[in-house]
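Here the structure comes first, spelled out in structure tokens, and everything after it is commentary.
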Amino acid sequence: MNEALRPAPLDSTQAAAARQLSIVVPTFNERENVVTLYERLKATLGETPWEVVFVDDNSPDETWQVVRELSQRDPRVRCLRRIGRRGLSGACIEGILASGAPFVAVMDADLQHDETRLPQMLALLQDGEAELVVGSRYIDGGSADSFNSQRRGVSEFATLIAKRLLRVEIADPMSGFFMIRRDRFEELAPNLSVHGFKILLDIVATARGSLRTVEIPFTFGTRLAGESKLDSMVALDFLGLILAKMTGDAVSLRFLLFALVGSIGLFVHLLTLDVAFNLFAVPFTEAHALGAVVAMTSNFILNNALTYRDQRLKGLALLRGLLLFYLVCSVGLLANVGVAFSIYGQQPIWWLAGAAGALMGVVWNYAMSSLFVWRRR
Ligand code: GDD
Ligand code: MN
């Protein structure tokens with residue numbers, strides 16, 4: 006470790022004082038940023054008893070190594086290294102639950118969030134003026150100047166949707182910078198989604214207006230080093246969160262995506278059938294079977310890319326997964342037809358029997374796929 010970055014020796018009186026603030030920092034490939042963030046936290050928080058928990062999803066750049074070195078020198082620093090898992094919200098939730106202070110902040114590792122706001126945020130919670138303090142870019146005094154116009158547009162649009170559909174009242178529910186009372190968080194935790202990026206939106210939507218919230222402005226800075234992990238897939242996560250919250254968590258994002266992919270599969274099936282049967286004069290049975298195989302394959306690829314993008318299969322595991330997926334779907338088809346027949350036998354309503362069969366099929370495929378194909382390692 007760079008000599009200049011070596012932290013000061015431990016002050017035992019400080020470590021012994023009851024921690025007031027836990028700061029949770031999710032990291033993925035942030036090795037260039039974590040030491041600077043740590044130094045800035047130390048400078049800003051001064052005498053306040055604090056701790057920081059870095060939650061690293063086994064970064065290829067070995068961010069966790071750098072955090073470990075820090076934690077060896079300063080017990081206020083901890084590293085939670087997660088293996089075989091990805092996801093910003095899940096990382097934040099785990100980090101919060103693994104920390105101890107009565108107040109918890111979540112902030113990014115790349116110094117885009119203004120750590121000098123932390124003392125003010127903490128004071129608002131300690132004084133009982135708020136249960137949640139949000140670092141906001143979209144109120145007077147705040148800004149997101151580092152955004153390019155495209156990203157600004159997307160962010161504003163998403164904020165608008167969230168406010169309308171989930172009746173979220175705060176100005177910046179997409180912020181990743183906030184501080185919350187631990188007891189209130191722990192109440193909500195079982196109902197939060199570990200998927201996606203929008204943990205604050207999830208918290209606010211799940212609390213349904215029951216969290217006394219104060220927003221304070223901050224300037225969303227530019228990233229110190231490395232690059233953003235937000236990609237266009239984030240939009241999908243966002244949609245899923247909105248839908249899940251609107252249906253009172255009746256449907257999970259994964260299931261929705263799985264069902265969505267399934268309906269795309271139906272099109273693929275029919276298209277293949279059409280092309281093979283009408284264009285290439287393949288006999289119907291063979292053309293239909295071909296359609297099924299092509300649809301299962303494209304479903305598998307789509308599910309691997311979207312539905313299970315946090316546990317994507319690669320290489321040999323991909324091939325093994327595909328074969329298992331064929332198997333799961335074949336049994337699913339039997340279940341589908343079986344249910345449809347039995348319902349039709351009792352009540353000859355074609356659409357009811359058909360829909361029940363299809364639903365049975367997708368539920369079966371979903372349950373079995375997450376058990377066997379994309380099972381958690
Ligand atoms: N553990 C873990 N796992 N950390 C992650 C993951 C993950 O899968 N993905 C991203 N992170 C960490 C990054 O290392 C960084 O510290 C922080 O989460 C934010 O990620 P960025 O990639 O820097 O996101 P951003 O700057 O584009 O987006 C920020 O602004 C958005 C508002 O526009 C984040 O704060 C978002 O939460 C926020 O919604
Ligand atoms: Mn960032």
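Residues 6 to 382 (the working numbering) are what the sequence shown spells out, left to right. Where a beta carbon is used, it is the ideal one built from N, C-alpha and C, also for glycine.
Per DSSP, reduced to three states, the secondary structure at R186 is strand. Under the three-state reduction of DSSP output, T218 falls in the strand class.
Secondary-structure assignment with DSSP links P31 through a beta bridge to V60. By the 16-neighbour rule on beta-carbons within 10 angstroms, V298 is exposed. Excluding residues up to 5 positions away in sequence, R24, Q25, L26, S27 lie with their Cβ nearer than 6 Å to the Cβ of A106 in the same chain. Relative to the ligand MN, the nearest heavy atom lies less than 6 Å away from the CB of R228. In the same chain as D242, and ignoring 5 residues on each side of it, the C-beta atoms closer than 8 Å to its own belong to H200, G201, F202, K203, L258, in chain order.
Of T53, R228, N370, F225, the smallest CA-CA separation from L338 is found for N370. Taken from the Cβ of S64, every heavy atom of the ligand MN lies 6 Å or farther away.
Under the DSSP assignment, L295 falls in the alpha helix (DSSP H) whose first and last residues are 289-307.
Fewer than three Cβ pairs drawn from the segment 94-112 and the segment 64-80 lie within less than 8 Å of each other, which leaves the two stretches out of contact.
For L235, same chain residues with a beta-carbon under 8 Å away, outside a window of 5 residues either side, are F202 in chain order. Contact annotation, V266 with T312: C-beta distance approximately 6 Å; criterion of less than 8 Å satisfied. For E67, the CB stays at least 6 Å from every heavy atom of the ligand GDD. The segment 219-229 makes contact with the segment 151-162, as at least three CB pairs between them are under 8 Å.
Closest in alpha carbon position to G231, among A22, F33, Y43, is F33.
Just measuring C-alpha positions, the residue of T164, L284, E174 sitting nearest L244 is T164. V40 and V72 have their C-alpha atoms roughly 8 Å apart. In terms of Cα proximity to A292, the closest of L275, A194, L229, L85 is L275. Distance between V60 and F330, taken at the CA atoms: about 32 Å.
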